[in-house]
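Colleague: Here the numbering used here is used: the first residue of the sequence shown is 25, the next is one more, and so on.
Virtual Cβ for every residue (Gly too), placed ideally from N, Cα, C.
Before I ask anything, here is the structure I am working with.
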Amino acid sequence: MSVPGTENAAAQQANGQQPAPPDSDDDILVRIENVKKYFPIKSVGFTRRTVGQVHAVDDVSLTIPRGRTLGLVGETGCGKSTLARCVAGLIPITSGSITFDGQKISGLSRRAMQPFRREIQMIFQDPYGSLNPRQRVGSIIGEPFAIHNMASGNDRKKRVQELMERVGLNPEHFNRFPAEFSGGQRQRIGVARALAVRPKLIICDEPVSALDVSIQAQVLNLLADLQDEFGLSYLFIAHDLEVVRHVSHAVAVMYLGRIAEAGPKDPVYDHPRHPYTAALLSAAPAADPRTAAQRQRIILVGDVPSPIDPPSGCRFHPRCPKAQDLCQHEDPPLEVKPGDPVTHQAACHFPVQDGEDLATAGSATSAAGSRESA
Ligand code: SF4
Numbered sequence: 025m026s027v028p029g030t031e032n033a034a035a036q037q038a039n040g041q042q043p044a045p046p047d048s049d050d051d052i053l054v055r056i057e058n059v060k061k062y063f064p065i066k067s068v069g070f071t072r073r074t075v076g077q078v079h080a081v082d083d084v085s086l087t088i089p090r091g092r093t094l095g096l097v098g099e100t101g102c103g104k105s106t107l108a109r110c111v112a113g114l115i116p117i118t119s120g121s122i123t124f125d126g127q128k129i130s131g132l133s134r135r136a137m138q139p140f141r142r143e144i145q146m147i148f149q150d151p152y153g154s155l156n157p158r159q160r161v162g163s164i165i166g167e168p169f170a171i172h173n174m175a176s177g178n179d180r181k182k183r184v185q186e187l188m189e190r191v192g193l194n195p196e197h198f199n200r201f202p203a204e205f206s207g208g209q210r211q212r213i214g215v216a217r218a219l220a221v222r223p224k225l226i227i228c229d230e231p232v233s234a235l236d237v238s239i240q241a242q243v244l245n246l247l248a249d250l251q252d253e254f255g256l257s258y259l260f261i262a263h264d265l266e267v268v269r270h271v272s273h274a275v276a277v278m279y280l281g282r283i284a285e286a287g288p289k290d291p292v293y294d295h296p297r298h299p300y301t302a303a304l305l306s307a308a309p310a311a312d313p314r315t316a317a318q319r320q321r322i323i324l325v326g327d328v329p330s331p332i333d334p335p336s337g338c339r340f341h342p343r344c345p346k347a348q349d350l351c352q353h354e355d356p357p358l359e360v361k362p363g364d365p366v367t368h369q370a371a372c373h374f375p376v377q378d379g380e381d382l383a384t385a386g387s388a389t390s391a392a393g394s395r396e397s398a
């Protein structure tokens, strides 16, 4: 994964490292460049003036390679779902650009966007709420064929039943309603529907967080099998870091509308450089009991600041156990840190060192904060 921009390349050279080679456009399916998405806040009353803006996504650059999965993690409200909706073309961006399969799709009219809607499909979090309860399953899965004029009549029915079989549903249940299926089966209906028009990209927005753990694994394995079979790319959004690690090739961590850290999953998980990533990882349940026992939980102080008026400098500084004066004034660029692979980048003036005890630093900061507030 790369984050384009000359500043980044210059910073890498300043670090004595070779800049990351530019990704070939042949390898990249989605290129997100300096994307901002602000929502205006209107005054009440007759004039309805714009009195502020929610900075939901603020200068984000990412790439999604073909046939790979980019995991996007962060707390609720960090902007990850808004970014996904921008990529899907469901909402316009404020500035920046989004390129899909070599063509710029940001700023297109609804009509011009139509061919790309077929190529970009979504799977939603709630398998209960995302399906029309009064529509039969065959009709739900077959709807994209109708929207894109791809199949009708018996041909559509045959293709829908093939899809049902492929995702592990009984094709004979074609005429049933969603309420007659379990949660995991309903999510399979969502997967079949997304797959119907053979997209290149599927945006999975918290696709398993509403499911039991045992069912989660089945759906994740299905997504992995389909990626191998059809060469799909996924933008996989979740707040569960272990789920993201399981499915992703690369990971981006979002905080308050910005990318805090990004890179291939192993360097990010094994050597987090941003204190926020380290804190998220310290709170994630570990499958290995020895790893869980060794983990020191980093407690973050305070709440996530408002995206209407984000903090100056580093947006994480009010909660960061490593914050110093510089952090309050200077926004850290997303860049490669010394010794890291050129694809691993973090936005931090004082990156975490391997073995550094942030749990103690966090409690010291917390104690100092308590004293100050007292
Ligand atoms: Fe913490 Fe400063 Fe790094 Fe921001 S720049 S994450 S406040 S150490």
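(1) For residue 251, report the span of its beta strand (DSSP E) as first-last.
(2) On the criterion of 16 or more Cβ atoms from any shown chain inside 10 Å, does residue 350 qualify as buried, or is it exposed?
(3) Quick check for students: name the residue ranges of the beta strand (DSSP E) that lie wholly in the stretch 201-236, counting only runs of 3 or more.
(4) Less than 7 angstroms separating the Cβ of residue 3 from some heavy atom of the ligand SF4?
(5) In whole angstroms, give me the CA-to-CA distance for residue 176 and residue 248.
(6) What runs of the beta strand (DSSP E), each 3 residues or longer, lie entirely inside the stretch 37-109?
(7) Run the CB neighbour count on residue 345, radius 10 Å, all protein chains shown included, and call it buried at 16 or more, exposed below.
(8) Spatial neighbours of residue 112 within its chain, please: CB distance less than 7 angstroms, with the 5 preceding and 5 following residues excluded, ordered by chain position.
(9) Check each candidate in 191, 150, 187 and 285 and name the one with the smallest Cα separation from residue 98.
(10) What does the Cβ neighbour count give for residue 348, buried or exposed, with the cut at 16 atoms within 10 Å?
(11) Go through its chain and collect everything with a Cβ distance to residue 58's Cβ below 6 angstroms, but skip five positions before and after it.
(12) Going by the beta-carbon positions, is the gap between residue 214 and residue 152 smaller than 8 angstroms?
(13) Tell me the DSSP secondary structure of residue 347 in three-state form.
(14) Mind checking whether the beta-carbon of residue 368 lies closer than 7 angstroms to any heavy atom of the ligand SF4?
(15) Starting from the Cα of residue 161, find the closest Cα among 224, 279 and 198 and give me that residue.
(16) Put residue 369 into one of helix, strand or coil per three-state DSSP.
(17) With a threshold of 16 other CB atoms inside 10 Å of the CB of residue 255, please say whether the residue is buried or exposed.
(18) Going by DSSP, what residue range makes up the alpha helix (DSSP H) through residue 183?
(19) Which same chain residues, not among the five before or five after residue 67, have their C-beta less than 6 angstroms away from its C-beta?
(20) Between 51, 381 and 93, which lies nearest to residue 427 when the distance is taken from Cα to Cα?
Modeller: So, to answer that:
(1) Position 227 of the sequence shown, counted from the start, is the residue given in the question as residue 251. Looking at the DSSP string, residue 251 is not in any beta strand (DSSP E); the run it does join, the alpha helix (DSSP H), is 237-254.
(2) Locating residue 350 in the sequence shown gives position 326, counting from the first residue. The residue in question, residue 350, is exposed, as its Cβ has fewer than 16 Cβ neighbours within 10 Å.
(3) Counting whole runs of 3 or more residues, the stretch 201-236 contains the beta strand (DSSP E) stretches 225-229.
(4) The structure shown has nothing for residue 3, since the chain only spans 25 to 398.
(5) Mapped onto the sequence shown, residue 176 falls at position 152. Mapped onto the sequence shown, residue 248 falls at position 224. Distance between the alpha carbons of residue 176 and residue 248: 29 angstroms.
(6) Secondary structure remark: continuous beta strand (DSSP E) runs of at least 3 residues inside the stretch 37-109, in chain order: 52-66, 74-89 and 93-97.
(7) Residue 345 sits at position 321 when you count from the first residue of the sequence shown. The residue is buried, with at least 16 neighbouring Cβ atoms inside 10 Å.
(8) By one-based count along the sequence shown, residue 112 stands at place 88. Answer for residue 112: 144, 146 and 227, listed in chain order.
(9) Within the sequence shown, the letter at position 74 stands for residue 98. Considering only alpha carbons, the answer is 285.
(10) In the sequence shown, residue 348 corresponds to position 324, counting from 1. Result: exposed.
(11) Here residue 58 refers to the residue found at position 34 when the sequence shown is read from its first residue. Correct list, in chain order: 83, 85 and 120.
(12) Here residue 214 refers to the residue found at position 190 of the sequence shown. Here residue 152 refers to the residue found at position 128 of the sequence shown. No, the Cβ-Cβ distance between residue 214 and residue 152 is not below 8 angstroms.
(13) In the sequence shown, residue 347 corresponds to position 323, counting from 1. Three-state result, residue 347: coil.
(14) The residue labelled residue 368 in the question sits at position 344 within the sequence shown. Not under cutoff, so the answer is no.
(15) Within the sequence shown, residue 161 is the residue found at index 137, counting from 1. Residue 161 has its Cα closest to that of 198, out of 224, 279 and 198.
(16) By 1-based counting over the sequence shown, the position of residue 369 is 345. Strand, per DSSP.
(17) Looking up residue 255 in the sequence shown gives position 231. Exposed, by the Cβ-count rule.
(18) As a position in the sequence shown, residue 183 is number 159, starting the count at 1. From DSSP, the alpha helix (DSSP H) with residue 183 extends over 177-190.
(19) The sequence position of residue 67 within the sequence shown is 43, counting from 1. For residue 67, where only same-chain residues beyond five positions count, the Cβ hits under 6 angstroms are 73 and 75.
(20) Residue 427 is absent from the structure shown; the chain starts at 25 and stops at 398.
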